[in-house]
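> I have a structure here, written as structure tokens, and I will follow up with some questions on it.
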């Protein structure tokens, strides 16, 4: 483990473990503040893509998080011959999956969903302006503060985008493109599945799927018996709103989802356009329903 890391932080118990690394609690020796440190052993990465992602993740996460309240903050990065250590916010561990589980399949009220989508779109807009595409937006990677309290009070929780392990640099201003099949089948954009070059709007598609999940109480817009069938459904890109799930959902909410999950990338909304949509501006309320 990096001598510089141990000089600055006292390393505590293990919090989690992934394919290539481990997350531990750590305490800043100067302030006594608690953080999490993600340590990745680069020598264990045999795949070129895995090595590339491990190399750029801490740099892109640091770039995306600075002054961006909708992203888990990165406070320091330490590297030695084989390990990369990223010191970040210590989060409660609850994510949007946990929060939805507390709801037991009940659809999220539109004002609450609108606040969550707005927070996520704002976080993505800042990431994209700085040239960072997340590439794996899904409920598992959206952390929730005080999930139980927010659910009990029917309030929108504060959410923060986490895990930049699949992130890519798309150029200053976020106007560039990348290649590579990364992400999660139910949430990945069709241009990614098709093997085309893609950019920031792939994240907006994923956020649109997340919005669909919120308003439907957990249903997916693209389904199949296998990952291959799900990806085939994504490629077709046909978004439907079954009345049994969306009968009470406003036209404005459906309009925004269609614009976020638009098969035509040129017509698909950017994160900035999501923030300007009437459903978001009105907080998912009655004014949006009447548009």
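Residue numbers (UniProt numbering): 1 to 291. Ideal Cβ placement from N, Cα and C applies to all residues, glycine included.
Leaving out the 5 sequence neighbours to the left and right, which residues in its chain are closer than 6 Å to residue 257 when beta-carbon positions are compared?
Sequence index remark: in the chain shown, residue 257 carries index 257 (1-based). Hits under 6 Å: 208, 211, 212.
> Does DSSP put residue 301 in a helix, a strand or coil?
No information on residue 301 is available, as it lies outside the stretch 1 to 291 that the chain covers here.
> In the structure shown, what three-state DSSP assignment does residue 161 receive?
The residue labelled residue 161 in the question sits at position 161 within the chain shown. Here residue 161 sits in strand by DSSP.
> When you compare only the Cα positions, how much space is there between residue 6 and residue 189?
Numbered from its first residue, the chain shown carries residue 6 at position 6. Numbered from its first residue, the chain shown carries residue 189 at position 189. Rounded to the nearest angstrom, the two C-alpha atoms are 41 Å apart.
> Can you find the residues in the same chain that come closer than 7 Å, C-beta to C-beta, to residue 192, ignoring five residues on each side of it along the sequence?
Sequence index remark: in the chain shown, residue 192 carries index 192 (1-based). These residues qualify, in order along the chain: 181, 183, 198, 202.
> Among 231, 43, 284, 30, which residue has its Cα nearest to the Cα of residue 255?
One-based indexing of the chain shown puts residue 255 at position 255. The shortest Cα separation from residue 255 among 231, 43, 284, 30 belongs to 284.
> Take the Cβ of residue 115 as the centre, count every other Cβ of all protein chains shown within 10 Å, and call the residue buried at 16 or more, exposed below.
Here residue 115 refers to the residue found at position 115 when the chain shown is read from its first residue. So residue 115 ends up on the buried side.
> Name the residue from 177, 18, 139 whose alpha carbon lies nearest to the alpha carbon of residue 45.
Stepping through the chain shown from its first residue, residue 45 is reached at position 45. Checking every option, the nearest Cα to that of residue 45 belongs to 18.
> Measuring only the C-alpha atoms, how far is residue 141 from residue 161?
Residue numbering aside, residue 141 sits at position 141 when the chain shown is read from its first letter. Residue numbering aside, residue 161 sits at position 161 when the chain shown is read from its first letter. Distance between the alpha carbons of residue 141 and residue 161 is about 6 Å.
> Do you know how far the Cα of residue 70 is from the Cα of residue 118?
Here residue 118 corresponds to residue number 118 of the chain shown, with the count starting at 1. Here residue 70 corresponds to residue number 70 of the chain shown, with the count starting at 1. If you take the alpha carbons of residue 118 and residue 70, they lie about 10 Å apart.
> Could you give the C-beta distance for residue 215 and residue 106, rounded to a whole number, given that I count them as a contact under 8 Å?
One-based indexing of the chain shown puts residue 215 at position 215. One-based indexing of the chain shown puts residue 106 at position 106. About 11 Å separates the two Cβ atoms, so there is no contact after all.
> Of the residues 172, 143, 200, 274, which one's Cα is nearest the Cα of residue 99?
Position 99 of the chain shown, counted from the start, is the residue given in the question as residue 99. Among 172, 143, 200, 274, the Cα nearest to that of residue 99 is on 143.
> Output the distance between the C-alpha atoms of residue 222 and residue 194, rounded to the nearest integer angstrom.
Numbered from 1 along the chain shown, position 222 holds the residue referred to as residue 222. Numbered from 1 along the chain shown, position 194 holds the residue referred to as residue 194. Between residue 222 and residue 194, the C-alpha separation is close to 15 Å.
> Taking the alpha-carbon of residue 15 as reference, which of 26, 9, 95 has the nearest alpha-carbon?
Here residue 15 corresponds to residue number 15 of the chain shown, with the count starting at 1. Minimum Cα distance to residue 15 is reached at 26.
> Which residues bound the alpha helix (DSSP H) around residue 212?
Taking the first residue of the chain shown as position 1, residue 212 is located at position 212. 201-216 is the span of the alpha helix (DSSP H), which, as asked, contains residue 212.
> Which of the three DSSP states, helix, strand or coil, is assigned to residue 261?
If you number the chain shown from 1, residue 261 lands on position 261. Coil, per DSSP.
> Across which residues does DSSP place residue 124 in a beta bridge pair?
By 1-based counting over the chain shown, the position of residue 124 is 124. In DSSP, residue 124 forms no bridge with anything.
> What number of angstroms, rounded off, separates the C-alpha of residue 75 from the C-alpha of residue 85?
Here residue 75 refers to the residue found at position 75 of the chain shown. Here residue 85 refers to the residue found at position 85 of the chain shown. About 11 Å.
> Keeping to the same chain, check which residues put their C-beta closer than 8 Å to that of residue 24; ignore five residues upstream and five downstream.
Against the chain shown, residue 24 aligns to sequence position 24. The answer, listed in chain order, is 11, 12, 13, 14, 15, 36, 37, 39.
> In the DSSP assignment, what are the bridge partners of residue 78?
Locating residue 78 in the chain shown gives position 78, where the first residue counts as 1. Beta-bridge pairing links residue 78 to 85.
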